[in-house]
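Numbering (this note's numbering), first residue to last: 24 to 204. To start, the structure under review is shown below, and the notes come after it.
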């Protein structure tokens with residue numbers, strides 16, 4: 024089972040603390056000229072940031088390619104993909120799947136051939152803790168706190184043309200204190 028207190032999260036039913044109403048001030052969003060939604064200022068891109076660099080675009084494209092390959096790989100092995108690229112202000116869950124009755128949080132790492140460390144090496148202790156927090160929030164939001172769950176890693180290696188060369192699946196790749204499958 025996945026306990027809701029595995030990482031010291033607040034107890035169920037306890038509300039989030041909020042700042043007093045008097046502390047809130049309305050400020051126009053920097054990407055809008057008039058402060059009204061839907062009215063972008065001239066030259067605004069996204070949140071007012073400059074367009075992504077070529078490196079950032081290629082990295083994002085590689086990540087999307089890896090996630091798509093991982094989703095197909097898992098689906099062929101009987102997994103049901105529940106969510107893809109589930110984003111929150113705290114981070115992103117690449118894939119959420121079901122393997123039988125188990126909820127599986129899948130971190131996908133894609134690398135080009137010869138790019139140094141294997142893809143799965145990027146899932147260090149800090150990344151694992153972030154994934155656990157995101158998973159706990161997901162389980163709480165969907166009222167699945169008692170569902171069996173685990174963390175898998177899928178490593179995808181592509182060649183320089185973008186063709187997938189290898190996919191390695193690491194089921195139950197890591198465990199956290201207070202968290203049991």
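A virtual CB, placed ideally from N, CA and C, is assigned to each residue, including glycine. Small disclaimer: the values here were computed from a predicted structure and weren't measured.
Give every residue of the same chain whose Cβ lies closer than 7 angstroms to the Cβ of residue i, excluding the five residues on either side of it in the sequence, and list them in chain order.
i, result
"residue 94", "104, 107 and 118"
"residue 131", "89, 90, 93, 117, 118, 177 and 179"
Using 8 angstroms as the threshold, is the C-beta distance between residue i and residue j below it?
i, j, result
"residue 175", "residue 147", "no"
"residue 121", "residue 129", "no"
"residue 111", "residue 158", "no"
Please name the residue, chosen from the options, that lies closest to residue i on a Cα-to-Cα basis.
i, options, result
"residue 193", "143, 121, 109 and 84", "143"
"residue 101", "157, 123 and 141", "123"
"residue 191", "158, 84 and 97", "97"
"residue 151", "134, 141 and 115", "115"
"residue 149", "197, 134 and 84", "197"
Can you give the Cα-Cα distance for residue i and residue j, rounded to whole angstroms?
i, j, result
"residue 162", "residue 172", "9 angstroms"
"residue 184", "residue 109", "28 angstroms"
"residue 113", "residue 86", "18 angstroms"
"residue 156", "residue 99", "28 angstroms"
"residue 133", "residue 168", "30 angstroms"
Might you give, ordered along the chain, the residues of its own chain that have their beta carbon closer than 8 angstroms to the beta carbon of residue i, omitting 5 neighbours on each side?
i, result
"residue 188", "136, 180, 181 and 182"
Please list, in chain order, all residues of the same chain as residue i whose beta carbon is under 6 angstroms from its beta carbon, the five residues on each side excluded.
i, result
"residue 186", "none"
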